[in-house]
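**Q** Quick one: the structure is below, questions incoming.
Protein chains in written order, with the numbering used here: chain F, 1020 to 1362; chain L, 1020 to 1362; chain Z, 1020 to 1362.
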């Protein structure tokens, strides 16, 4: 178990210490659950009421809360960001095994960087270029002509089709499939004729892609995830999409083909964005949003109908479909009242 | 083809036989499609009308329907449960190949129980503990420090990250990813800093997880699926969630991070439950529900807007966005009528 | 880089050439981005305004647009279909490596056709029958008793459980799981008893299944995807479903168990179709539709509430839940006005 003094941690996060700088921290915990030598943090004001009763040894927090903190205070401007830094000290993930496992199958034309870790049964295709300190999990399949930048990590059973470009410091979680064919079929009578998907996928630096998410290759030009994009699990990005810098997609969200998402757009969980539209920089789509037209301004949007008791829901849905009738009745009534008024 | 007499089946399910106990049953079929020596069941009253014309050799049913049954009746209190038992007699899944395939790669520090079946190209990490009679499919990847309880079954291409605890008699279907990093990033200006996900995943006994579903590891403490939880395909469970005993998630449902779902909650297909909330024991979320706040009582909830013809939908959605205006007009009219009334 | 003359391309798609038939084409591009020797197409009238300024060398288009085309015109009746044909000429996917890789594990009872390509670490079970010119990607797992028809292609890390029948010319993308157990559990008090899923999956000819999609095996009889069905990524098809010929499911759509979808039904992205219902031939479900009852007629349906600014959404959702009250007030007012009218 890793142990750090409060002083060591304060130096890493640039915190002012109020209390014993020599106290030892051996784990992280939530404010309400911390005990012993555990360190916690207070970032969201809503949880401030938990501070006074916290049994944490030390708490990372803003100046304003230090007074009411019963533990050692580590005062910073941005506790959440500081906590992110500290979290690395206590990471539990085992270091990947160095080197290329003898069962990994690597095409002769592939170029492999230094300090890589390639796990058993990974398969790496022709002309692949893998940078330094790249980690590739077991059973991963890397198609021909892919490139993977330095310090990127692909977990077990990731699949990259051919001609996928992955930047530096990217993380692709297990089961993600990058570069499968976009969904393109031309109607021929009642049947469908496949349109070859001849574009690739470009994933810039510092992109994270969650487990079992899918990013399709472009129909003609590339599908692009720009620098710093963060995608959660079970998300879908259609062919030809261009997802702007530092945009985020939470779990189960989907963006249909040829849509351009701006910078720093937040796409909530279970949202769906139609194809062939644009979403403005900085827009926030709350969870469960359906976006079927251009989003022209930043700001928050939603469309989720919050769940209600079934009896109420049944009645509401019937009335929703009678809105037209209600509107007509209201108009008729207004007219009647107006005319009787003027009578 | 397995064959059983009606008597043998009646003994297994504790049924009273009305008809020939020596008749042979060699397959199962739906009421409307059964023929020859096939056994069917009637559980849902809505299908009672199919009973009289059924060509089944025998039918599992409740007392009340025995009179109108043209076939041999197997009378029980709970036909669906009885059918579940009988279904095992006719299971078509081949027995797993006994033993550890020579191509499976098993860390020296792993402890493997008796009677296991480990398929080709499975990879099992350091310090993994695998119980007796566990089955692991081909290409599965089991991270370091995982434990898998007796009689659990992981199908081909399942991925467990490190430090995932799987109970006894669990079933994890192909492509499921358990223990990938939760989606935690702290904002740093426009960019995102990763928060290490240092918790694990605890899956208690008798849990089923469907194909390509994902259960993320906890940020600090563990994500928990409690005893008897049943999860369908393509479902997402976010970090730190606690899913209560015997709760069920149907296909394409998602629960965002840090949400506590009670016991025996039924989450319908394509539902989405927000993060940091609680769902009461026994709540039923109908398919397509969006839950964005605590569900404080058991009972059924829904929010799905049922599909309607597009022309009607267009008009309805326009009117929905004019509800505010309609409400104002209605108020104005009420006022007017009231004042003219009192005039 | 492949190069074709305009004449060669015109012959393949049956086009009339207006301009230099000897011009060379070496790539495809969108109308607004094409340059040099690139070929584009104009199918959707909405993009007609991009034609005049296009720098494409040649454009596939309908007669009516030829006059305003600044490039060589390739005149056809159906430009999109023609483009699909041309796309094959420029396909970038490397040809699969011929033969069976020595690390592929193939049961002795399996029957393998001619000209197959079976990649490293694929595992093929007992009694599997694989047709001619089939391609199987690395790490794919094919369960016992499966059949795969001629010219079908399964990408890396696809999983087929036992007893799955795949027709000819099918494409199954990476991570797809076919034949996992349907979600069937009988309630036993608060717990759940598994119902063995003894049916299989039948996939007819010319079916495409997208990355990480799942098609469950039938409970008793087979789940069926009929000829020409096209399924996008992250879609779910429940047990016992019967998806009719040439029907299409776009990304993240789900069809729950025992539902019968007609022929040439278009299921939009992120749609959800309930179990045990029927959807009529030719129905079109717009993206995000929730279908909870039979769809009896062809025609287009929708239920998506389009996203709106959050402030408006909050107000709208409050009013939606007051529809009942509004309706009652309206009725009362009508009555009042009527009675004062007749007074």
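Note that the Cβ used here is the ideal one computed from N, Cα and C, for glycine as well.
These numbers were taken from a predicted model, which means no experiment stands behind them.
According to DSSP, what are the bridge partners of residue 1205 of chain L?
**A** DSSP output for residue 1205 of chain L lists L/1212 as bridge partner(s).
**Q** Have a look at Z/1100, Z/1222, Z/1152 and flag the residue whose alpha-carbon is nearest the alpha-carbon of residue 1245 of chain Z.
**A** For the residues Z/1100, Z/1222, Z/1152, the minimum Cα distance to residue 1245 of chain Z belongs to Z/1222.
**Q** Using a C-beta to C-beta distance shorter than 7 angstroms, which residues of chain F count as neighbours of residue 1192 of chain L?
**A** Simply none; closest approach about 12 angstroms.
**Q** Count the other CB atoms, across all protein chains shown, that sit within 10 Å of the CB of residue 1264 of chain L; report buried if there are 16 or more and exposed otherwise.
**A** So residue 1264 of chain L counts as buried.
**Q** So, under 8 angstroms CB-CB, residue 1192 of chain L and residue 1229 of chain L are touching, yes? Tell me the CB distance rounded to an integer number of Å.
**A** Rounded, the Cβ-Cβ distance is 5 angstroms, consistent with contact.
**Q** Is residue 1261 of chain F helix, strand or coil when you go by DSSP?
**A** Residue state, collapsed to three classes: strand.
**Q** What is the C-beta distance between residue 1332 of chain F and residue 1321 of chain L, in whole angstroms, given that I count them as a contact (C-beta under 8 angstroms)?
**A** The pair is a contact, with the Cβ atoms about 4 angstroms apart (cut-off 8 angstroms).
**Q** Should residue 1247 of chain F and residue 1242 of chain L be called a contact, given that it needs their Cβ atoms to be closer than 7 angstroms?
**A** Not in contact: residue 1247 of chain F and residue 1242 of chain L (Cβ atoms no closer than 7 angstroms).
**Q** Considering only C-alpha positions, which residue in the set L/1199, L/1065, L/1269, L/1049 is nearest to residue 1190 of chain F?
**A** Out of L/1199, L/1065, L/1269, L/1049, L/1199 has the C-alpha closest to the C-alpha of residue 1190 of chain F.
**Q** Quick one: is residue 1247 of chain F near chain L, going by C-beta distance under 7 angstroms?
**A** Closer than 7 angstroms to some Cβ of chain L, the Cβ of residue 1247 of chain F qualifies, so yes.
**Q** Does residue 1341 of chain F get closer than 7 angstroms to chain L when you measure Cβ to Cβ?
**A** No - not a single Cβ of chain L is within 7 angstroms of the one on residue 1341 of chain F.
**Q** Give the DSSP-derived three-state secondary structure of residue 1184 of chain L in the structure shown.
**A** Note: residue 1184 of chain L maps to strand in three-state DSSP.
**Q** Got a sec? Which residues, its chain only, sit under 6 angstroms from residue 1130 of chain F by beta carbon, not counting five neighbours each side?
**A** These residues qualify, in order along the chain: 1148.
**Q** How many Å lie between residue 1100 of chain L and residue 1169 of chain L at the Cα?
**A** Cα-Cα distance, rounded: 24 angstroms.
**Q** Is residue 1164 of chain Z buried or exposed, if buried means 16 or more other CB atoms sit within 10 Å of its CB?
**A** By the neighbour-count rule (16 or more Cβ atoms within 10 Å), residue 1164 of chain Z is buried.
**Q** Distance cutoff 7 angstroms, beta carbons only. Does residue 1161 of chain L sit that close to anything in chain F?
**A** Residue 1161 of chain L does not count as touching chain F.
**Q** Around the Cβ of residue 1106 of chain Z, are there at least 16 other Cβ atoms within 10 angstroms (buried) or fewer (exposed)?
**A** It counts as buried.
**Q** Could you name the residues of chain F that residue 1323 of chain Z contacts, counting a contact when the two beta carbons are closer than 7 angstroms?
**A** Ordered by position in chain F, the residues that pass the 7 angstroms Cβ test against residue 1323 of chain Z are 1309, 1311.
**Q** Is residue 1091 of chain L closer than 7 angstroms to residue 1042 of chain L when the C-beta atoms are compared?
**A** Closer than 7 angstroms, so yes.
**Q** Suppose contacts are defined by Cβ-Cβ distances below 7 angstroms. Is residue 1110 of chain L in contact with residue 1136 of chain L by that definition?
**A** Not in contact: residue 1110 of chain L and residue 1136 of chain L (Cβ atoms no closer than 7 angstroms).
**Q** Contact defined as beta carbons within less than 8 angstroms: I believe residue 1352 of chain Z pairs with residue 1353 of chain L. What is the distance between those atoms, to the nearest angstrom?
**A** Their Cβ separation, rounded to whole angstroms, is 6 angstroms, which keeps residue 1352 of chain Z and residue 1353 of chain L in contact under 8 angstroms.
**Q** Residue 1229 of chain L versus chain Z: which residues are under 7 angstroms apart at the beta carbon?
**A** What residue 1229 of chain L touches in chain Z: 1199, 1202.
**Q** Of all the beta strand (DSSP E) runs that stay within the bounds of the region 1150–1180 of chain Z, which reach a length of 3 or more residues?
**A** With a minimum length of 3 residues, no continuous beta strand (DSSP E) run stays inside the region 1150–1180 of chain Z.
**Q** By a C-beta neighbour count over all protein chains shown, 10 Å radius and 16 as the cutoff for buried, is residue 1330 of chain F buried or exposed?
**A** The residue in question, residue 1330 of chain F, is exposed, as its Cβ has fewer than 16 Cβ neighbours within 10 Å.
**Q** Considering residue 1035 of chain F, what are the terminal residues of the alpha helix (DSSP H) in which it resides?
**A** That residue, residue 1035 of chain F, is in no alpha helix (DSSP H); its beta strand (DSSP E) goes 1035–1037.
**Q** Just the chain Z side, please: which residues come within less than 8 angstroms of residue 1420 of chain F by C-beta, in chain order?
**A** Nothing about residue 1420 of chain F can be reported from this structure: the residues present for chain F run from 1020 to 1362 only.
**Q** Residue 1166 of chain Z CB to nearest chain L CB: under 7 angstroms?
**A** Chain L contact via Cβ: absent.
**Q** Is it buried or exposed, residue 1208 of chain Z, if we count other Cβ atoms within 10 angstroms and call 16 or more buried?
**A** The residue is exposed, with fewer than 16 neighbouring Cβ atoms inside 10 Å.
**Q** Write down the C-beta distance between residue 1048 of chain F and residue 1077 of chain F rounded to the nearest angstrom, noting that I regard them as a contact closer than 8 angstroms.
**A** With a Cβ gap of about 11 angstroms, residue 1048 of chain F and residue 1077 of chain F do not count as contacting.
**Q** Can you pull out the residues from the region 1250–1269 of chain F whose beta carbon lies closer than 7 angstroms to at least one beta carbon of chain Z?
**A** Listed by position, the residues of the region 1250–1269 of chain F near chain Z (Cβ gap below 7 angstroms) are 1253, 1255, 1257.
**Q** Sort F/1032, F/1036, F/1051 by Cα distance to residue 1240 of chain L and report the nearest one.
**A** Among F/1032, F/1036, F/1051, the Cα nearest to that of residue 1240 of chain L is on F/1051.
**Q** Less than 7 angstroms between CB atoms is the rule here; does residue 1295 of chain Z satisfy it with respect to chain F?
**A** No - not a single Cβ of chain F is within 7 angstroms of the one on residue 1295 of chain Z.
**Q** Would residue 1336 of chain F pass as a contact of residue 1307 of chain Z if the rule is Cβ separation under 7 angstroms?
**A** Contact flag unset, no.
**Q** Take residue 1195 of chain L as the anchor and find which of Z/1220, Z/1231, Z/1186 has the nearest alpha-carbon.
**A** Nearest C-alpha to residue 1195 of chain L: Z/1231.
**Q** By DSSP's criteria, residue 1249 of chain F is part of a beta bridge. Which residues make up the other side?
**A** In DSSP, residue 1249 of chain F forms a bridge with F/1227, F/1267.
**Q** Could you name the residues of the same chain whose beta carbon sits closer than 7 angstroms to that of residue 1157 of chain F, not counting the 5 residues immediately before and after it, in chain order?
**A** Excluding sequence neighbours, residue 1157 of chain F sits near 1138, 1139, 1140, 1141, 1175.
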